[in-house]
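Residues in the sequence shown are numbered consecutively from 116, following UniProt numbering.
Built from N, CA and C at the ideal position, the CB exists for glycine as well.
Values in this document were obtained by computation on a predicted structure and should not be read as measured data.
Following: one structure in structure tokens, then a few remarks.
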Amino acid sequence: MRRQMRRQMRRQMRRQMRQPLQCRMEKFDIAVLGAGAAGLMCAAVAGQLGRRVVVLDHAKRIAEKIRISGGGRCNFTNRDAGPAAFLSDNPRFCRSALARYTPADFIALLNRHGVRWHEKHRGQLFCDDSSEQVIEVLRRECAAGQVAIRHPVEVRDYQRESDGSFLLHTDAGPLAAPALVIATGGLSIPKIGASDFAYRLAERFGLRVVSPTPALVPLTFTAQWDAYAALAGLSVEAGVSTGAGASAGRFVEDLLFTHRGLSGPAILQISSYWRSGEPIVIDLAPGRDLAAWLIGEKHGARRSVATMLADAMPARLVATALSRAGVTGDARLADLPDRALRALGAAVNAWQVLPAGTEGWRKAEVTRGGVDTRDLSSSTLAARAVPGLYFVGEAVDVTGWLGGYNFQWAWASGVAAARAA
Ligand code: FDA
């Protein structure tokens, strides 16, 4: 029986080998590369608009970033996903796509499929049960559009044909389509399939690429950080800021001290704005002008300055703040000159730190930079100079804040390209 099957397979392979290449070439209306958030959404919408769509991915498991997102519950959008929450060399670029596919649209999609969800905080929406449900919704939407999803498939080479269509040479055979959507994402987390495919392809077709850097990533410091080793594990609400003018960022969220540096939502957020060599300013008592408060409390105060400070911040931070300001903790508040209290205020409200770097692609949630928006249409995500070529999702120079914004960009840009392609 087995021998018979083997013989049959060999005969089939020989038949395929004898067929001329052109005969085996499959044709589609749209080929989407990358079966992640943006690629699957794009494929589903295009398929349901009646286009013949194929999605190719080199990974064994598709949509892996959706699977691991939001601690396994996928923070799938943010109610406040407006353009102000996105970084790009052209901050206006994301407006059009975001306006035409909104968080309410994605919520309606999940509702139609019976996925239960909840708001955690700051407009962040998560699945009640599992991020697998979002993947399942996308799979079902693709099935409704008769989309062919193929993986693991490697695209070995590609070229533009004289009729304008794109010919893809894959390890599963050649295929051609007049529209090619690149949804291969950014560079974060290489071990689950991230690649620089989008940037290489863009450059080969003459598009510019804004240098990609890790974003939403913990920050590291030099050996001098050892002075704060005892704080590792401590989480506090803090204000963090960096930069100036249009490129400035400021967030008030939780900050986590780690053995290597700083992490937590506040730091992940500010990391997207941070430029190498620039300091970050940390406010360990956000909403309280510490110097003004201490000076106001000083007259007649019997308590030590350390005891007073412990009312404003976790005790473990008090000693480091005093030492940075050069103030002795057991000094009575009343005995300290205003000058010393102002120094203490600056050490707490405006602690300036100089990161040495980031934890890199291994830990970054997203990529800042990507295919330059100057070379793309903001309404269709099409390459201006290459008809039929589209870039969606994280491959594009559009990076959202932490909190569901990056998925909203993936959905919205995928839909915009699907409607145009
Ligand atoms: P995505 O990376 O999802 O998909 C790209 C696909 O292309 C992958 O399937 C990959 O295998 C494939 N591919 C790559 N190179 C290829 C090649 N050469 N050939 C073929 N296929 C190729 N965002 C958010 O809004 N809320 C959240 O909760 C989280 N949580 C989160 C956690 C973690 C740990 C990470 C790393 C990231 C997040 N994010 C997030 C960010 C979010 O996951 C990300 O922005 C989107 O997945 C981007 O969607 P894309 O479809 O553009 O790329």
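{"Item": "Contact under 8 Å by Cβ, residue 294 with residue 144", "Value": "yes"}
{"Item": "Option in 312, 325, 327 and 498 with minimal Cα separation from residue 269", "Value": "312"}
{"Item": "Residues near residue 196 in its chain [Cβ-Cβ closer than 6 Å; skip 5 each side]", "Value": "218, 520 and 523"}
{"Item": "Cβ-based burial, residue 173 [other Cβ within 10 Å; buried from 16]", "Value": "buried"}
{"Item": "Continuous beta strand (DSSP E) assignments of at least 3 residues falling wholly in the segment 431-506", "Value": "466-468, 481-486 and 504-506"}
{"Item": "Exposure label - residue 525; buried when at least 16 CB within 10 Å", "Value": "buried"}
{"Item": "Rounded separation between residue 243 and residue 224 - CA only", "Value": "15 Å"}
{"Item": "Alpha-carbon to alpha-carbon, residue 475 and residue 499", "Value": "32 Å"}
{"Item": "Anticipated Cβ contact below 8 Å, residue 405 with residue 427, distance rounded", "Value": "6 Å"}
{"Item": "Pairwise C-alpha distance: residue 247 and residue 151", "Value": "13 Å"}
{"Item": "Enclosing alpha helix (DSSP H) for residue 594 [first to last residue]", "Value": "The displayed coordinates of the chain run from 116 to 536. Any statement about residue 594 would go beyond what the structure contains."}
{"Item": "Spatial neighbours of residue 188 in its chain, beta-carbon cut-off 7 Å, leaving aside the 5 residues before and after", "Value": "241, 242, 245 and 246"}
{"Item": "Collapsed DSSP secondary structure at residue 388 in the structure displayed", "Value": "coil"}
{"Item": "DSSP state of residue 157 mapped onto helix, strand, coil", "Value": "helix"}
{"Item": "Near ligand 1: residue 520 beta-carbon under 7 Å from a heavy atom", "Value": "yes"}
{"Item": "Residue 397 CB to nearest heavy atom of ligand 1 below 7 Å", "Value": "no"}
{"Item": "Closer than 7 Å: residue 172 CB and nearest ligand 1 heavy atom", "Value": "yes"}
{"Item": "Contact test: residue 480 Cβ vs ligand 1 heavy atom, cutoff 7 Å", "Value": "yes"}
{"Item": "Within 8 Å, strictly: CB atoms of residue 364 and residue 388", "Value": "yes"}
{"Item": "Near ligand 1: residue 306 beta-carbon under 7 Å from a heavy atom", "Value": "no"}
{"Item": "Contact the segment 473-490 vs the segment 443-454: 3+ CB pairs below 8 Å", "Value": "no"}
{"Item": "CB contact flag (residue 508, residue 529, <8 Å)", "Value": "yes"}
{"Item": "Limits of the unbroken beta strand (DSSP E) element including residue 292", "Value": "288-292"}
{"Item": "Any non-hydrogen atom of ligand 1 within 7 Å of residue 213 CB", "Value": "no"}
{"Item": "Where residue 232 falls: helix, strand or coil (DSSP)", "Value": "strand"}
{"Item": "Contact test: residue 184 Cβ vs ligand 1 heavy atom, cutoff 7 Å", "Value": "yes"}
{"Item": "Buried versus exposed, by CB contacts within 10 Å (16 or more), residue 518", "Value": "buried"}
{"Item": "Pairwise C-alpha distance: residue 340 and residue 371", "Value": "14 Å"}
{"Item": "Meets three-Cβ-pair contact criterion under 8 Å: the segment 432-446 and the segment 374-392", "Value": "no"}
{"Item": "Option in 505, 360 and 454 with minimal Cα separation from residue 413", "Value": "454"}
{"Item": "C-alpha gap between residue 263 and residue 296, whole angstroms", "Value": "14 Å"}
{"Item": "Neighbourhood of residue 233 by C-beta distance below 8 Å, restricted to the same chain and skipping five residues each side", "Value": "240, 241 and 243"}
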